[in-house]
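Each remark here refers to the structure printed beneath this line.
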Amino acid sequence: MDKKINSSEEAEVRKGPWTMEEDLILINYIANHGEGVWNNLARSAGLNRTGKSCRLRWLNYLRPDVRRGNITPEEQVLIMELHARWGNR
């Protein structure tokens, strides 16, 4: 029995590192349309990426409020206190 391939599966999904151009497309699309259903967003933005890939790229790297770098000594103390109180929960 032949399996039909729908139109979303016909285009090959890009894998590997994101390019600066792809990052800009994703940033601009989200700035104009907001976040939503990630699979639809990937298709609508014209990215040949999966929705999961777009979501992870946005949440972990491109979102404006993502902080990078070392934690402060105050944050370290807070983490230690919370871990002593709650463990790994």
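Residue 73 in UniProt numbering sits at position 73 of the sequence shown, and the numbers go up by one each step.
Idealized CB from N, CA, C, for every residue including glycine.
Collapsed DSSP secondary structure at residue i in the structure displayed
i, result
"Val77", "helix"
"Met20", "helix"
"Lys15", "coil"
"Ile25", "helix"
"Ile30", "helix"
Supposed close pair residue i, residue j - CB separation, criterion 8 Å
i, j, result
"Trp38", "Lys52", "7 Å"
"Ile27", "Leu62", "6 Å"
Contacts around residue i, its chain only, beta-carbon distance under 7 Å, and the 5 residues preceding and following it disregarded
i, result
"Ala42", "Arg49, Thr50, Gly51, Cys54"
"Arg57", "Trp18, Leu26"
"Gly36", "none"
Own chain, CB closer than 6 Å to residue i, minus 5 neighbours either side, in chain order
i, result
"Ala45", "Ile25, Tyr29"
Own chain partners of residue i with C-beta closer than 8 Å, once the 5 adjacent residues on each side are dropped
i, result
"His33", "Leu41, Ser44"
"Ile71", "Ile79"
"Pro64", "none"
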